[in-house]
Each structure stands twice: as structure tokens, then as C-alpha cells.
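Colleague: Numbering (this note's numbering), first residue to last: 1 to 228. In this text, a Cβ means the ideal position worked out from N, Cα and C, and glycines have one as well. Below: one structure in C-alpha cells.
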Ligand SMILES: [Ca+2]
Ligand SMILES: [Ca+2]
């Protein structure tokens with residue numbers, strides 16, 4: 001345990017610290033430094049995760065930006081688990097795996113990221129909290145739109161996480177490309193095709209907002225320090 005006691009010069013320092021204008025400056029500095037550090041940590045962590053963004057595009061229907069996430073590196077992208085993809089979206093993008101709550105958005109994602117490519121696409125739909133009750137990870141809202149493959153979701157061996165089946169997929173229930181299937185959280189491939197993921201972000205990146213707040217606080221503190 002660490003304890004701090006005031007004595008001697010400390011008492012004098014404590015008196016100075018209690019002067020209102022000094023306390024205000026210290027508070028401004030503390031807020032500025034903390035928000036700058038928060039923003040830096042978010043930006044620095046962008047290189048720390050074993051995941052990459054292969055492409056991004058904005059849908060005019062809601063002005064949100066969607067990102068194609070994979071594991072591995074840019075030279076050799078690889079499949080990624082639902083949990084790693086969601087963690088990457090939260091930590092590095094300030095977002096989540098995608099909420100695909102309309103046929104228009106579903107079709108746009110398919111045409112933008114899935115069609116004609118040998119990849120499955122994780123989305124932000126899960127029934128991990130209550131079997132059969134599928135909710136969007138970003139909002140917790142129950143799914144009112146879904147695009148299941150025939151026979152899905154089947155919760156086979158306790159499957160709680162949803163992906164879009166790759167282009168050209170055909171299984172026991174016939175052709176299923178672009179349709180949805182529930183799967184297990186750690187899968188990185190499905191019938192030899194890698195699992196990638198679609199994440200979404202709102203227009204203003206979180207890290208830039210934090211930087212803005214931090215920079216404004218520091219600039220304000222600098223202005224106040226100047227002799228008038
Ligand atoms: Ca399930
Ligand atoms: Ca399934």
C-alpha cells in the first residue's frame with residue numbers, strides 16, 4: 001500500500017494546489033493528457049492485433065462505413081474467428097461486427113464484399129446469451145431481418161455466431177451463397193473457404209474524437225498560461 005502525507009514544504013505546496021486557478025489548470029492538464037493518451041493507445045493498438053482490413057466502403061443508405069477484416073497479413077490474408085474479428089472492430093475501429101438489418105444492406109454487403117469471392121463473412125449476429133434469440137452485438141437489438149440458408153440456424157453442437165455463406169456455396173440443402181448460417185465462435189474456415197468478417201463504424205472515428213477533445217483541452221491550457 002502507498003500512503004502520502006503532507007509535511008514541511010508539502011503543506012505549502014498543498015496550499016498552492018488549493019488555489020482555484022491552479023486547481024483549474026491542473027484539471028485541464030489532467031483531462032488533456034488523459035484524453036490524448038486514450039487516443040494514442042487506440043491508434044497504437046492498430047498495429048498490435050493479428051488482423052487486417054482488406055477494404056472499406058460506405059453505404060449511402062446509412063452513411064456507415066463497412067470494413068472487410070481478415071486474419072494474417074496483407075501478403076497472405078487468412079481466416080479469422082468471430083471473437084478475434086469483433087475484438088479487432090472494438091479495439092481498433094471503435095465499432096462492432098456489422099448489423100445487417102435490411103435486405104438492402106444485406107445485398108449491398110454481398111455485392112461489395114462477398115460476391116464472386118471464395119470467402120465467408122462473419123456478421124454481428126449472435127444468440128450467445130439466449131439460445132435461439134438472435135441479437136445484434138452492436139446494439140443488443142433483436143434481429144427483425146434474417147436471411148437464413150435452408151435448415152439454418154440449426155445450433156449444431158451449440159452454434160451461436162452467424163456468417164454469410166461464400167459465393168458458389170452448395171450444401172445438403174442446395175445452393176446457399178449469400179445466405180446465413182450459425183457457426184461456432186472459433187471457426188476460421190468453413191469447407192476450406194476462409195472466414196473473414198464485416199465490421200461497421202459510424203461516420204466519426206472514436207480515436208479522432210478523443211484526439212480532438214485532448215488537443216482542445218491542451219490548447220486551452222496553453223492559452224491560459226500565457227501572460228496577459
Ligand atoms: Ca445457437
Ligand atoms: Ca449452423
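With C-beta atoms as the reference, is residue 71 less than 7 Å away from residue 79?
Modeller: Yes; because the gap between Cβ atoms is below 7 Å, this pair is in contact.
Colleague: Is residue 155 a contact residue of ligand 1, with contact defined as CB to any heavy atom under 6 Å?
Modeller: Result yes, Cβ under 6 Å from ligand 1.
Colleague: Are residue 51 and residue 120 close, meaning C-beta to C-beta below 7 Å?
Modeller: No.
Colleague: Taking only heavy atoms of ligand 1 into account, decide whether any of them is closer than 6 Å to the Cβ of residue 159.
Modeller: Yes, the Cβ of residue 159 comes within 6 Å of a heavy atom of ligand 1.
Colleague: Compute the Euclidean distance between the alpha carbons of residue 104 and residue 54, then round it to the nearest angstrom.
Modeller: Cα-Cα distance, rounded: 22 Å.
Colleague: By alpha-carbon positions, which one of 110, 133, 172 and 165 ends up nearest to residue 179?
Modeller: Residue 165 is the option with its Cα nearest to residue 179.
Colleague: Just to check, is the beta-carbon of residue 189 closer than 6 Å to a non-hydrogen atom of ligand 3?
Modeller: Looking at this structure, you won't find ligand 3 anywhere; what it does contain is ligand 1 and ligand 2.
Colleague: Over the uninterrupted beta strand (DSSP E) stretch that includes residue 120, give me the two end residues.
Modeller: 120-126 is the extent of the beta strand (DSSP E) around residue 120.
Colleague: What's the gap between the Cα of residue 84 and the Cα of residue 196?
Modeller: About 10 Å.
Colleague: Starting from residue 68, follow its DSSP beta bridges and name the residues at the other end.
Modeller: Residue 68 pairs with 55 and 198.
Colleague: Return yes when the C-beta of residue 177 is under 6 Å from any heavy atom of ligand 2, and no when it is not.
Modeller: Incorrect: residue 177 has no Cβ contact closer than 6 Å to ligand 2.
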